[in-house]
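S.K.:
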Amino acid sequence: MSMHIMSAYDEELKYLTRRISEMGGLAEQMVGESVRALVNSDLALAQKVISDDTILDEAERQIGEKAIITIAKRQPVAADLREIMGSIRIASDLERVGDLGKNNAKRVIAVAGSGIPRKLARGLEHLAELALVQLKEVLDVYASRSPEKANSIRERDEEIDAIYTSLFRELLTYMMEDPRNITPCTHLLFCAKNIERIGDHATNIAETIYYMATGAQPEGERPKDDNTSTLGAVKD
Amino acid sequence: MNIMSEAAVEKALDQKMNTVPYKMIGKDVSVYYGEKRALFDVNLNIRENTVTALIGPSGCGKSTFLRTLNRMNDTIENCRVTGKITLDEDDIYDPAIDVVELRARVGMVFQKPNPFPKSIFDNVAYGPRIHGLARTKAEFDEVVETSLHKAGLWNEVKDRLHEPGTGLSGGQQQRLCIARAVAVSPEVILMDEPCSALDPIATAKVEELIHELRTNFTIVIVTHSMQQAARVSQRTAMFHLGNLVEENDTDKMFTNPDDQRTQDYIMGRFG
């Protein structure tokens, strides 16, 4: 896109883009580390994730403030306005991703030393890998602003949902086997849910990017394969 | 309390925009100043009871187009207009059309407030007098009062109707000019940058007025202020180098315009 007549305006928009990318990088790192801390019962790493979250919160506030100032000063329209509104939305999605990572990190203490079966931990790791790939790709799409790629990410959220559902089922089985598993498994269930939510936020971001690039909302319902809300229900 | 809020009513009105009938139709309108061509086959229709904003960089032809709508260009030497413009069903360039009567139907408000060097009362009464719309003193009193009410000026000037119109502030003078235009009950009001000489408060008052006048009149406004176009109009037309680039709902125009040139212009980017 061509440059603004006032170059300071371009600088302000570039600032938003740069800060979003930074937030994305940090959020990604936090999620990865929180899962590693969980799997390895690494309390120090968990503590680091918890304290990193304040950086992410602060970044979101700064992006919001800059966006407000830019709107007030420049009265942006069309693609510029979508760019700024999109930045606010993406920053808030990334801030939530950070919160979810932090929540996982907090559960490390409860889960540590309870001897979670390797298999469960691997399931959780796999789920996190998928969510991280989603997050990484969506941040790449943010840099390229390609509406086609944004759409393809949105369609892939289904995969995460499917794995989450199977993990949910597995955790239920462990709880039924031995009541002593209930505490750690409940925490793991929340962790899995958190990671699944991260995938949803990545999808939100993809939708926002699509809107920023085209000015239209992506068409059709978001594909879903999360069946956990009815899992275990007694059939007639 | 009505169930539908004012905003909802407005939205419903806006959504019906595509079904609003045309008040004026411009077909293949071209304008030449001597050898120089200023407008190239512009096809632009003006919807009834709608505010249509004409935007574009200086020299793009927006004022030229505005002036074709009540044949203001006739007053410019060696200006030639081709194509067809109709008001309702009447071809306004038909030789049989009385230009004075046309300009009573299609009134105009200019960039700089230009009240006559007469009293406030006489400024407003002038039009009805020359068009024979009022005869008795009571009739004149009434038309002056209603017009000043419509222009949102009555309360400010009712005690000094016989003082000179030029003694008012810039914003009041501009509203006096609007009252003068409204006094002859036109169908269409053309405004050529009506706020560019006014401060923000006076501008806001004129914009509020434009918003209210829309119920009774069809309004076409030329403005250099993108934000003003966004604030007051329902339809926006973008001109560039004598061509009509895009005409669209204002909401669409300022969020997601179809044409790259519109996009660059409203966002203040290099085209």
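In the order they appear, the protein sequences are chains A and B. Every number in the numbering used here is 1 more than the matching position in the first sequence, counting from 1. Every number in the numbering used here is 202 more than the matching position in the second sequence, counting from 1. From the three backbone atoms N, C-alpha and C, an ideal C-beta is built for every residue, glycine too.
Mind the definition here: the segment 38-47 of chain A touches the segment 120-131 of chain A only if three or more C-beta pairs lie below 8 Å; say whether that holds.
M.R.: Judged by Cβ distances under 8 Å, the segment 38-47 of chain A makes contact with the segment 120-131 of chain A, as three or more pairs qualify.
S.K.: Going along chain B in order, which residues have a C-beta closer than 7 Å to the C-beta of Val32(A)?
M.R.: The premise fails here: Val32(A) is roughly 34 Å from chain B at the closest Cβ pair, so nothing lies under 7 Å.
S.K.: Val424(B) and Lys225(B) - do their beta-carbons sit closer together than 9 Å?
M.R.: Cβ distance not < 9 Å, so Lys225(B) and Val424(B) don't count as in contact.
S.K.: Going by CA-CA distance only, name the one from Arg198(A), Glu130(A) and Lys67(A) that's closest to Asp100(A).
M.R.: Among Arg198(A), Glu130(A) and Lys67(A), the Cα nearest to that of Asp100(A) belongs to Arg198(A).
S.K.: Among residues of its own chain, excluding the 5 on either side of Gln313(B), which ones have a beta-carbon nearer than 6 Å to its beta-carbon?
M.R.: Taken in chain order, the residues that qualify are Asp394, Glu395 and Ser398.
S.K.: Flag Gln430(B) as yes if its beta-carbon sits less than 9 Å from any beta-carbon of chain A, otherwise no.
M.R.: No, because no Cβ of chain A sits closer than 9 Å to the Cβ of Gln430(B).
S.K.: Are Gly200(A) and Ala132(A) touching if we call contact CB-CB under 9 Å?
M.R.: It is a contact, given that the beta carbons lie within the stated cut-off.
S.K.: From Gln376(B) to Arg239(B), what distance separates their C-alpha atoms?
M.R.: The straight-line gap from Cα to Cα measures roughly 32 Å.
S.K.: Which term fits Thr254(B), buried or exposed, when burial requires 16 or more other beta carbons within 10 angstroms of its beta carbon?
M.R.: Label assigned to Thr254(B): buried.
S.K.: Rounding to the nearest angstrom, what Cα-Cα distance links Lys15(A) and Thr452(B) in this structure?
M.R.: So the two alpha carbons sit approximately 28 Å from each other.
S.K.: By Cβ distance below 7 Å, which residues in the same chain neighbour Ile380(B) in space, the five residues on each side in sequence not counted?
M.R.: Closer than 7 Å at the Cβ level, and outside the excluded window around Ile380(B), lie Val311, Ala353 and Leu411.
S.K.: By Cβ distance, which residues of its chain are closer than 7 Å to Ala432(B), with the 5 residues on each side in sequence left out?
M.R.: The answer, listed in chain order, is Thr452 and Phe456.
S.K.: With a cut-off of 9 Å, does the C-beta of Met469(B) fall near any C-beta of chain A?
M.R.: Cβ-Cβ to chain A under 9 Å: yes for Met469(B).
S.K.: Could you tell me whether any Cβ in chain B is nearer than 9 Å to the Cβ of Met24(A)?
M.R.: No, no contact with chain B.
S.K.: Just to confirm the assignment, what range does the beta strand (DSSP E) spanning Met4(A) have?
M.R.: No beta strand (DSSP E) holds Met4(A); DSSP gives it neither H nor E.
S.K.: May I ask you to list, following chain order, the residues of the segment 76-105 of chain A that have a beta carbon less than 8 Å from some beta carbon of chain B?
M.R.: If the cut-off is 8 Å between Cβ atoms, the segment 76-105 of chain A has Gln76, Pro77, Val78, Ala79, Ala80, Asp81, Leu82 and Arg83 near chain B.
S.K.: Return no unless some Cβ of chain A is closer than 9 Å to the Cβ of Val402(B).
M.R.: Sequence check: residue 402(B) is Pro here, not Val. Chain A contact via Cβ: absent.
S.K.: Using a C-beta to C-beta distance shorter than 8 Å, which residues of chain B count as neighbours of Ser3(A)?
M.R.: By Cβ distance, chain B contributes Asp466, Arg471, Phe472 and Gly473.
S.K.: At the 9 Å Cβ level, is Ile70(A) part of the contact set with chain B, yes or no?
M.R.: No, its Cβ sits nowhere closer than 9 Å to a Cβ of chain B.
S.K.: Got a sec: is the Cβ-Cβ distance from Thr438(B) to anything in chain A below 9 Å?
M.R.: Output row for Thr438(B): interface = no.
S.K.: In whole angstroms, what is the alpha-carbon distance linking Pro203(A) and Leu136(A)?
M.R.: With the sequence shown as reference, residue 203(A) is identified as Ala, and Pro is not the correct amino acid for it. Near 5 Å, if we compare the C-alpha coordinates of Leu136(A) and Ala203(A).
S.K.: Nearest by alpha-carbon distance to Gly329(B): which of Leu370(B), Gly309(B), Pro319(B) and Tyr235(B) is it?
M.R.: Nearest of Leu370(B), Gly309(B), Pro319(B) and Tyr235(B) to Gly329(B), Cα basis: Gly309(B).
S.K.: Skipping 5 residues on each side, what residues in its chain have a beta carbon closer than 7 Å to that of Glu156(A)?
M.R.: Excluding sequence neighbours, Glu156(A) sits near Pro224.
S.K.: Ser232(B) by DSSP, collapsed to three states: which one?
M.R.: In the structure shown, Ser232(B) sits in a strand (DSSP, three-state: E or B).
S.K.: Less than 8 Å between C-beta atoms, sequence neighbours within five positions excluded: which residues of the same chain meet that for Gly26(A)?
M.R.: So the list reads Leu140, once near-sequence residues are dropped.
S.K.: Flag Asn418(B) as yes if its beta-carbon sits less than 9 Å from any beta-carbon of chain A, otherwise no.
M.R.: It does not: the Cβ of Asn418(B) has no partner Cβ on chain A nearer than 9 Å.
S.K.: From Ser3(A) to Leu168(A), what does the alpha carbon distance come to, in whole angstroms?
M.R.: One C-alpha to the other measures close to 48 Å.
S.K.: What is the DSSP secondary structure of Ser321(B), reduced to helix, strand or coil?
M.R.: Residue state, collapsed to three classes: strand.
S.K.: Please decide whether Tyr242(A) counts as near chain B, where near means a Cβ-Cβ distance under 9 Å.
M.R.: Because chain A is modelled from 2 through 237, residue 242(A) falls outside the range shown and cannot be assessed.
S.K.: Around the Cβ of Pro77(A), are there at least 16 other Cβ atoms within 10 angstroms (buried) or fewer (exposed)?
M.R.: Pro77(A) comes out buried.
S.K.: Could you please give me the residues that DSSP links to Arg377(B) through a beta bridge?
M.R.: DSSP output for Arg377(B) lists no bridge partner at all.
S.K.: Could one say the Cβ of Thr457(B) lies closer than 9 Å to chain A's Cβ atoms, at least one of them?
M.R.: Closer than 9 Å to some Cβ of chain A, the Cβ of Thr457(B) qualifies, so yes.
S.K.: So with Cβ pairs under 9 Å, would you call Ile6(A) a contact of chain B?
M.R.: Closer than 9 Å to some Cβ of chain B, the Cβ of Ile6(A) qualifies, so yes.
S.K.: The alpha helix (DSSP H) that contains Arg198(A), what's its start and end?
M.R.: Ile183 to Thr215 is the span of the alpha helix (DSSP H), which, as asked, contains Arg198(A).
S.K.: Could you tell me which of Thr166(A), Glu220(A), Ile210(A) and Lys150(A) sits nearest to Glu84(A), measuring between CA atoms?
M.R.: When only C-alpha atoms are compared, the closest one is Ile210(A).
S.K.: Determine the chain B residues that contact Gly216(A) at a beta-carbon separation under 7 Å, and present them in chain order.
M.R.: Here the neighbours are Thr457 and Asn458.
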